[in-house]
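Residue numbers (the working numbering): 35 to 247.
Idealized CB from N, CA, C, for every residue including glycine.
Data block below; observations after.
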Ligand SMILES: Cc1cc2nc3c(=O)[nH]c(=O)nc-3n(C[C@H](O)[C@H](O)[C@H](O)COP(=O)(O)O)c2cc1C
C-alpha cells in the first residue's frame, strides 16, 4: 500500500510537462499499465462510452501538431494518447455491455433485462447534446485516472485541450470509428531543460478550497 506522504509527493512531483525528452520512450510494460488504468476508469452505468487512441506514428503526430497550437509535446513525448467519446453507440453498446456482464459474471443475459430497459430508458430521455456532455465528463474522469497513474509511475504528462478536435478526428480517422476526440495527453519523460519542472506549484490554500461541515 502506498503511504499518504508518498501519494502527495507523487502528486506534487507531477506537472504539466512542456518539454519532453525525445530520446526517452516509455517501456511497453509501463505503457500497458497506463492503458490499463484508462480501461479501469469508471463510467456511468459502467457503459464505457469512451475510447483511447494511442498515437506513436511520428508522421501522424507531425500532422497533428499544427492543429494543437504548435505545442511541441504533441511530437516530442514518447506517446500521444487521445481520449475520445463515442458518437453513437447507445442501443448496440448497451447490448454489448449486457453480454459482457453475463459472460464475466456467468449469468444469463436475459436476467439483466430490467437493467437493460432502465439504461435504454435513461438514454432515450436525453438529447444528443446531453449525451455528449455526459460522455465528455466521463472522458475527463478517465483523464484523471491516467494522470494519477502517470504520477504514480513517475511518467510525465500534459493534458492538452488546446487542439482542434475536428482536425484530430479527420487525421486519425476517428469519425469512421464513430469517435470524437475530447482531450489529448502526451506522455513520456520531462526534458532536463524544462524550466517548468522547477516552478513552485500554485494552488489556493486548503482553508480556501476545502470546506468541511
Ligand atoms: C483540461 C486541461 C487542459 C489543459 N490544456 C493545456 C494545454 O493545451 N496546453 C498546456 O500547456 N497545458 C494545458 N493544461 C495544463 C494546465 O495549464 C496545468 O495543469 C495547470 O496550469 C496546473 O499546473 P500543473 O499541472 O503543472 O500543476 C491543461 C490542463 C487541464 C486540466
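Exposure of residue 51, with buried meaning 16 or more beta-carbon neighbours within 10 Å: buried
Whole-Å CB distance - residue 121 paired with residue 176, under 8 Å assumed: Contact doesn't hold; Cβ gap of about 17 Å is too wide.
Contact test: residue 49 Cβ vs ligand 1 heavy atom, cutoff 6 Å: yes
Contacts around residue 165, its chain only, beta-carbon distance under 8 Å, and the 5 residues preceding and following it disregarded: 124, 157
Host alpha helix (DSSP H) of residue 124 (start-end): 124 to 139
First and last residue of the uninterrupted beta strand (DSSP E) at residue 119: 113 to 120
Check: residue 193 C-beta below 6 Å from any heavy atom of ligand 1: yes
Every unbroken alpha helix (DSSP H) inside the stretch 158 to 242 [4 residues or more]: 162 to 187, 199 to 205
Within 7 Å, strictly: CB atoms of residue 79 and residue 153: yes
Given residue 213 as reference, the closest of 92, 119, 38 once Cα atoms are compared: 119
Three or more C-beta pairs below 8 Å linking the stretch 217 to 233 and the stretch 48 to 67: yes
Coarse secondary structure for residue 84, derived from DSSP in three states: strand
Run of the alpha helix (DSSP H) containing residue 63, from where it starts to where it stops: 62 to 73
Contact test: residue 178 Cβ vs ligand 1 heavy atom, cutoff 6 Å: no
Contact test: residue 124 Cβ vs ligand 1 heavy atom, cutoff 6 Å: no
Residue 96 (DSSP reduced to helix, strand or coil): helix
Residue interval of the alpha helix (DSSP H) (run including residue 43): 38 to 47
Contact belief for residue 200 with residue 112 at Cβ below 8 Å, rounded distance in angstroms: No, residue 200 and residue 112 are not in contact; Cβ-Cβ is about 26 Å, not under 8 Å.
Nearest-angstrom Cβ-Cβ length linking residue 44 and residue 186, presumed shorter than 8 Å: 6 Å
Residue 94 vs residue 180 beta-carbon contact at 7 Å: no
C-beta contact flag for residue 89 and residue 114 at 7 Å: yes
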